[in-house]
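Protein chains in written order, with our numbering: chain C, 1 to 477; chain E, 1001 to 1065.
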């Protein structure tokens, strides 16, 4: 039993001669150790978060174990894992959990309480249950999924319209990653001459540092996203260890809500991580991812090559079709025209026959009319003639008396005229004492003038006298 | 190339012409024009497959900005 060295009679003036028991420090800590060893003889299974691993080059690790409640540390103790234990535990972990021991995870630890004279109290870790860790990781994965689901982000990236040509590729990878070189080899050595633009955004691809590192690069790409069509995260050659970071909520959220399609090719064969699940597309390997990009180029190129063929064949078909239509139309037109002409001709014949008949009918009708008119006129004219004849006869009957009257009148007038003529006979004039003088048988006038010496004849009622002109004198009239 | 057209538009326009031709919706009158246009579009698309215009230095500058 150990008593407090200063339990009683503590005096300002100190005397060694006083009867009190004094222990050395070693005695004390040895006593503590002994007590603890007696009290904690067996090992215990303890659930704790490994806050810090503190692995030393010696191969020993001195983790800090904590228990948190509402993010507040409510218990804390140092621990130790000796080199040989650490190797064994880590190997087990990688086999079962596909993860090395890592900080910040809750583990089920088999510990022994130890007290060391110089290092003090600690928990010596004998074993860590990898299945519990696996369950923890599983839980983290599920929690991430649940959160993203609640935020409707699970399919967010997949709903982005994929570019027709994913030609400009932002690559998140490590520059020494085998996955990256596989990926680039497929893209650059494609035999079709497809050209890609790639730019590497370097990040850690596994372990605890991966999530913040990838998120940082996604943020950088976001700044220059108009230069890119897609983002790829490629990893390979790192084995299947250290991939639990791809279940990290922050990283998965960053991928799901990224504004460009994010394609993953992180190369492993175990359960798909949440990051791969929410990515626009996941390929098992970087090579497969590169093949997918080439395939989308094909999908663009093939219709273009087909378009040439279609253009050629369709052009020929359109020409043929148009020719056929034209020929058919021509034929149709010819038939129609022939039919039309024939119909017109027939119509004309019918019409002319009709016309002929009509004309005939009209003619005969008119002839009848003329005939009847002729008859009528014959009757009428004979009547007129008869009438005229009768008139003539009538006149003829009247004629003799009228003529006789007229003759008598005319006879009287003739008698009168005979008397008048008789009175004017030159003989009668001569009888009344007048004479007629002539020269060469013609009466003497201006155009038959007498000259002195001419012999003129003078006729009286009883005598014919010849006279010679001795003198002429012209009257004034 | 006289026409400024991005490859998505070029591709879609080309597909439309091909569809129209296959459906017989192009007349002989339009044919020459359409075929010429299609040839241009094919050229645009083909060029796009085998060339890129991005410049890493430009992007780096933007990242630093």
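Note that the Cβ used here is the ideal one computed from N, Cα and C, for glycine as well.
As the structure is a prediction and not an experimental result, all values here were calculated from the model.
**Report entry** Contiguous beta strand (DSSP E) assignments of at least 3 residues, all confined to the region 212 to 259 of chain C
**Finding:** 230 to 234
Query raised in the report: If residue 307(C) sits next to residue 1014(E), beta carbons under 8 Å apart, how far is it from one beta carbon to the other, in whole angstroms?
Result: 5 Å
Query raised in the report: Can you tell me whether DSSP reads residue 450(C) as helix, strand or coil?
Result: coil
**Report entry** Span separating the alpha-carbon of residue 1058(E) from that of residue 325(C)
**Finding:** 59 Å
Report task. Below 7 Å CB to CB, which residues in the same chain sit around residue 252(C) once its five sequence neighbours on both sides are set aside? Result -> 144, 148, 274, 275 and 278
Query - Three-state secondary structure (DSSP) of residue 1064(E) - result: helix
Query raised in the report: Is the distance from the Cβ of residue 196(C) to the Cβ of residue 1052(E) below 8 Å?
Result: yes
Report task. For the region 101 to 120 of chain C and the region 35 to 43 of chain C, state whether three or more C-beta atom pairs, one from each stretch, are separated by less than 8 Å. Result -> yes
Report task. Determine which residues of the region 286 to 315 of chain C have a Cβ less than 8 Å from any Cβ of chain E, and write them out in chain order. Result -> 297, 300, 301, 303, 304, 306, 307, 308, 310, 311, 314 and 315
Query raised in the report: Rounded to whole angstroms, how far is the Cβ of residue 214(C) from the Cβ of residue 266(C), which I believe are closer than 8 Å?
Result: Contact doesn't hold; Cβ gap of about 10 Å is too wide.
Query - Contacts around residue 282(C), its chain only, beta-carbon distance under 6 Å, and the 5 residues preceding and following it disregarded - result: 264 and 276
Query raised in the report: Would a check of beta-carbon distances place residue 1015(E) closer than 8 Å to chain C?
Result: yes
Report task. Decide if residue 259(C) is buried, meaning its Cβ has at least 16 other Cβ atoms within 10 Å, or exposed. Result -> exposed
Query raised in the report: Between which two residues does the alpha helix (DSSP H) harbouring residue 152(C) extend?
Result: That residue, residue 152(C), is in no alpha helix (DSSP H); it is neither H nor E in DSSP.
**Report entry** Buried or exposed (CB count within 10 angstroms, at least 16 for buried), residue 1034(E)
**Finding:** buried
Report task. Kindly say whether residue 60(C), judged by its beta-carbon, lies nearer than 8 Å to any beta-carbon of chain E. Result -> no
Requested in this report: With residue 115(C) as the anchor, note down where its beta strand (DSSP E) starts and where it stops.
Outcome: 105 to 116
**Report entry** Classification of residue 86(C) by the beta-carbon crowding that lies within 10 angstroms, buried from 16 upward
**Finding:** buried
Query raised in the report: Of all the residues that make up the region 1027 to 1044 of chain E, which are near chain C by a beta-carbon distance shorter than 7 Å?
Result: 1028, 1031, 1035, 1038 and 1042
Query raised in the report: In or out: residue 3(C) buried (at least 16 other Cβ within 10 Å) or exposed?
Result: The predicted model places residue 3(C) with a pLDDT of 49, which falls under 50 and marks its position as unreliable, so this point remains unresolved.
Query - 8 Å Cβ cutoff met for residue 457(C) and residue 443(C) - result: no
Query raised in the report: For the putative contact between residue 74(C) and residue 48(C), defined by C-beta atoms under 8 Å, what is the C-beta separation to the nearest angstrom?
Result: With 8 Å as the limit, residue 74(C) and residue 48(C) do not qualify as a contact, their Cβ atoms being about 11 Å apart.
Query raised in the report: Do we get a CB-CB distance below 8 Å when we pair residue 318(C) with the residues of chain E?
Result: yes
Requested in this report: Indicate whether at least one CB of chain B lies closer than 8 Å to the CB of residue 223(C).
Outcome: Of the chains in the structure shown, none is chain B; the protein chains are C and E.
**Report entry** Proximity of residue 181(C) and residue 122(C) at Cβ, strictly below 8 Å
**Finding:** no
Query raised in the report: residue 314(C) lies in the alpha helix (DSSP H); which residues open and close that run?
Result: 286 to 424
Query raised in the report: So who's on the other strand from residue 177(C), going by DSSP bridges?
Result: Answer by DSSP bridge pairing: none, since residue 177(C) is not bridged.
Requested in this report: Count the C-beta pairs between the region 294 to 301 of chain C and the region 176 to 194 of chain C that are closer than 8 Å, then say yes if the count reaches three, no if not.
Outcome: yes
**Report entry** Assigned secondary structure, residue 52(C) (DSSP; H/G/I helix, E/B strand, else coil)
**Finding:** strand
**Report entry** Assigned exposure category for residue 406(C) - 16 Cβ within 10 Å defines buried
**Finding:** exposed
**Report entry** With 16 other Cβ atoms within 10 Å as the buried cut-off, status of residue 289(C)
**Finding:** buried
Query raised in the report: On the three-state DSSP scale, how would you describe residue 1055(E)?
Result: coil
**Report entry** the region 230 to 237 of chain C in contact with the region 128 to 147 of chain C per 3-pair CB rule at 8 Å
**Finding:** no
Query raised in the report: Since residue 211(C) contacts residue 250(C) with CB under 8 Å, what's their CB separation in whole angstroms?
Result: 6 Å
Requested in this report: Check the DSSP bridge columns for residue 127(C) and list the partner residues they point to.
Outcome: 110(C)
Query raised in the report: Is the region 419 to 432 of chain C in contact with the region 388 to 407 of chain C, if contact means three or more CB pairs nearer than 8 Å?
Result: no
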